[in-house]
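Chains as they are written, first to last, in our numbering: chain A, 1 to 177; chain B, 1001 to 1472.
Heads up, the beta-carbon is just placed ideally off N, CA and C, and yes, glycines get one too.
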């Protein structure tokens, strides 16, 4: 079931399928990026700007992915240069999967961005990161309920401790176009 | 729903290839995003005209901007979905809201800010850091233990006097460069970033941004610029990099100018607080002048520079008790950044001064600086301080600290010197970052303006204080 999509003559693009990590500033995007990509990472200024973008590779279930870590993004209608760069990546780099990282404890505030991504027909996966902090604050989450209501996969992680990253990889491989 | 049907028709009208889903393009188009509108205009101007009709109709049927209404709709949707997904043990929300009100209300918020400035900056950084800790390192560690030993060691082992001076002379790499960096700058910067990291970790800064938003609007900025500005009190170079978070070029330019001109960095601020600590009136004059310059130059720049007034809205993260681990890591990484930038430069300056002294260039430059220094009413020894200050403001301030300890300056002269050094360009690094971030034309223009402006202000302050016969 997970192999037979390339048969209909649709060639893979010049590179591997792209996973774009996006979300508000300070939600642990870069930590998850590092967890996914490991060592070989390039950091460069986005063309024409002073904003830095990290790109790396990940091998998940024998498939190679390009992973991009974008600057912080609050909404798809940007105000800052960093946000504009993040949106440009979403717009023009043809993501096979957009991984929206949100903070588990404050996910309600960040959910509008998830909704925006879904409404834009982008293939989206929601990560609720820092699940441990949410637990500490006494917030318990029903991820199944979220998945059902959003209609996209939802994964809980603790990026700093690597918890849930294995499962996240599996869901990325399942859901990337 | 009207938006949905408008979106559907707009998506259907789009025929171009954008690489992104057409629905994505259509939704940004309907919310009148300028970048996307341009993009579509270039590809299919005819279809855009059709879509613009839809947008106009949508706007006629709705109250307020579409973008804003959609944001509210999404928030409502998010709240509904979240409500079903959260099984919370209720935290006391009212408490948090009441606290936010206290912090962001102009009256009580201003009071809280004043308390934080007094205890956090003045008492903790100024009195404890720049006073007690610096005194201990200066007098005991360097004065009694390290310097005599280093001087003794070099006196015994190095027979050639100029080489001895390079390391342990009046401007020696060890006795001056290393001493300034370790015994003056390091403790002050550490104390400051400790306070800053604690404040940052509590979530106070976004509330401060809301509180100061109205004042910042007057100077062409918004609350968004509060964080880089506050960080500028730690290190203006670091803060100039952070101005990237500001939305428009105009705001970035104003912020860079003000950071370079009127925001003293922590090392300099600490030294100045220590110098003026015994003279409350002098400190008030200094703070008044610098504060006035900040607001006056800011509002002038806001009037002169073309461009729209910024708008501002910021999400408030919940307040929390600072976490020790976070605070320590943040403080460590910032102090490290700062110290590694300062130390080589301080050592280099010591070498340059040494070379200048050997060749006689140093004395000639000092001689040339005597006249302008005299215009602002300072004795010729102060020329040295300004030469130091050219390389780094905090290095100059450290030199001023030595002069004050030697009792060479009176209250008025101290105020004038502190004002001039605060307003001068912070350091070579700041100059380079300004050029890197704002382009070389703007970078150099800012530097020239600051040089003239700082000097002019010092002349005025000196003339004013002398004319009024104020003793400080």
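- In the DSSP assignment, residue 139 (chain A) falls within the beta strand (DSSP E) that extends over 139-141.
- Contact of residue 1100 (chain B) with chain A is not assigned, every C-beta pair being separated by 9 Å or more.
- Ranked by Cα distance from residue 1131 (chain B), the first of B:1424, B:1440, B:1168 and B:1405 is B:1405.
- For residue 1447 (chain B), the enclosing alpha helix (DSSP H) starts and ends at 1440-1468.
- When DSSP assignments are scanned along the stretch 95-167 of chain A, the uninterrupted stretches of alpha helix (DSSP H) that are 4 or more residues long and fall wholly within it turn out to be 107-119, 131-136 and 143-150.
- For residue 56 (chain A), the enclosing beta strand (DSSP E) has its first and last residue at 52-60.
- Out of A:109, A:63, A:128 and A:103, the CA that lies nearest to the CA of residue 1077 (chain B) is found in A:109.
- Taking a 10 Å sphere around the C-beta of residue 1430 (chain B), we find 16 or more other C-beta atoms and assign the residue as buried.
- DSSP lists A:59 as the beta-bridge partner residues of residue 64 (chain A).
- DSSP places residue 1285 (chain B) inside the alpha helix (DSSP H), whose first and last residues are 1280-1304.
- In the DSSP assignment, residue 42 (chain A) forms a beta bridge with A:55.
- At a cut-off of 9 Å, the C-beta of residue 1245 (chain B) has a neighbouring C-beta in chain A.
- Rounded to whole angstroms, the separation of the alpha carbons of residue 1211 (chain B) and residue 1105 (chain B) is 7 Å.
- Residues of chain B whose Cβ lies closer than 7 Å to the Cβ of residue 145 (chain A) are, in chain order, 1084 and 1085.
- For a cut-off of 8 Å, the C-beta gap from residue 1403 (chain B) to residue 1385 (chain B) is around 6 Å, short enough to register as a contact.
- Residue 1036 (chain B): member of the alpha helix (DSSP H) spanning 1034-1043, first to last residue.
- The three-state secondary structure of residue 1265 (chain B), taken from DSSP, is coil.
- When the Cα atoms are used, residue 1195 (chain B) and residue 1120 (chain B) turn out to be separated by approximately 6 Å.
- Under the three-state reduction of DSSP, residue 19 (chain A) is assigned to strand.
- Residue contact check for residue 1018 (chain B) against chain A: a CB pair falls below 9 Å.
- Within chain B, no residue has its CB atom less than 8 Å from the CB of residue 47 (chain A), the nearest being about 15 Å off.
- In this structure, B:1259 is the residue among B:1352, B:1349 and B:1259 with its C-alpha nearest to the C-alpha of residue 1221 (chain B).
- About 34 Å separates the beta carbons of residue 1461 (chain B) and residue 1351 (chain B), which is beyond the 8 Å limit, so they are not a contact pair.
- Between residue 1028 (chain B) and chain A, the shortest Cβ-Cβ separation is below 9 Å.
- Shown in chain order are the members of the stretch 1060-1075 of chain B whose Cβ falls below 8 Å from a Cβ of chain A: 1067, 1071, 1074 and 1075.
- Residue 80 (chain A) has a beta carbon lying within less than 9 Å of a beta carbon in chain B.
- The residues 1339, in chain order, have a CB closer than 7 Å to that of residue 1186 (chain B) in the same chain once the five nearest residues on each side in sequence are set aside.
- Taking a C-beta distance under 9 Å as the contact criterion, residue 1305 (chain B) and residue 80 (chain A) do not qualify as a contact pair.
- The Cβ-Cβ distance between residue 24 (chain A) and residue 74 (chain A) falls below 9 Å.
- Around the beta carbon of residue 1206 (chain B), 16 or more other beta carbons lie within 10 angstroms, which makes this residue buried.
- The distance from the Cβ of residue 1421 (chain B) to that of residue 1397 (chain B) is about 6 Å, consistent with a contact at the 8 Å cut-off.
- Uninterrupted beta strand (DSSP E) stretches at least 3 residues long and entirely within the stretch 1199-1269 of chain B do not occur.
- Of all residues in the stretch 116-146 of chain A, those with a C-beta nearer than 8 Å to a C-beta of chain B are 116, 119, 120, 121, 122, 137, 138, 139, 140, 141, 142, 143, 145 and 146, reading in chain order.
- For residue 1440 (chain B), the number of other beta carbons within 10 angstroms of its own is below 16, and it is reported as exposed.
- Contact of residue 1006 (chain B) with chain A is not assigned, every C-beta pair being separated by 9 Å or more.
- According to the DSSP secondary-structure assignment, residue 1087 (chain B) is paired through a beta bridge with A:140.
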